[in-house]
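*Asks:*
Numbering (my numbering), first residue to last: 36 to 114.
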């Protein structure tokens with residue numbers, strides 16, 4: 036059976052995608068993080084790390100639009 040290598044590079048690229056999704060405000064790095072999490076969970080049998088990447092990818096992808104909406108709503112009602 037072929038030995039599967041590349042767990043570390045997938046983990047590093049997944050977490051970099053989570054960070055990029057949080058700070059840039061685009062959804063594409065978040066989608067990449069979720070996909071990498073699914074690959075880690077299914078192909079590499081890294082259940083916990085895969086689920087963490089999936090959850091953090093979703094949260095970081097939604098954080099900037101939600102925070103932006105809250106700031107705009109706050110500024111609209113307070114100023």
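For glycine and all other residues, C-beta sits at the position ideal for the given N, C-alpha and C.
Between residue 107 and the ligand GTP, is there a pair consisting of the residue's CB and a ligand heavy atom that are separated by less than 6 Å?
*Replies:* Judged by which ligands are present, the structure shown has none, so any question about the ligand GTP falls away.
*Asks:* Would the beta-carbon of residue 95 fall within 7 Å of that of residue 57?
*Replies:* In contact: residue 95 and residue 57 (Cβ atoms closer than 7 Å).
*Asks:* Mapping DSSP to helix, strand and coil, what is residue 109?
*Replies:* In the structure shown, residue 109 sits in a helix (DSSP, three-state: H, G or I).
*Asks:* Using the beta-carbon count (16 or more within 10 Å), is residue 71 buried or exposed?
*Replies:* Residue 71 comes out buried.
*Asks:* Counting only the same chain and skipping the five closest in sequence on each side, list residues whose C-beta sits under 8 Å from that of residue 66.
*Replies:* 92, 96, listed in sequence order.
*Asks:* Leaving out five residues on either side along the sequence, give the residues of the same chain with a beta carbon under 6 Å from the beta carbon of residue 53.
*Replies:* Answer for residue 53: 68, 91, 92, 95, listed in chain order.
*Asks:* So residue 58 is in the alpha helix (DSSP H); what residue range does that whole segment cover?
*Replies:* Where residue 58 is concerned, the enclosing alpha helix (DSSP H) stretches over 42-59.
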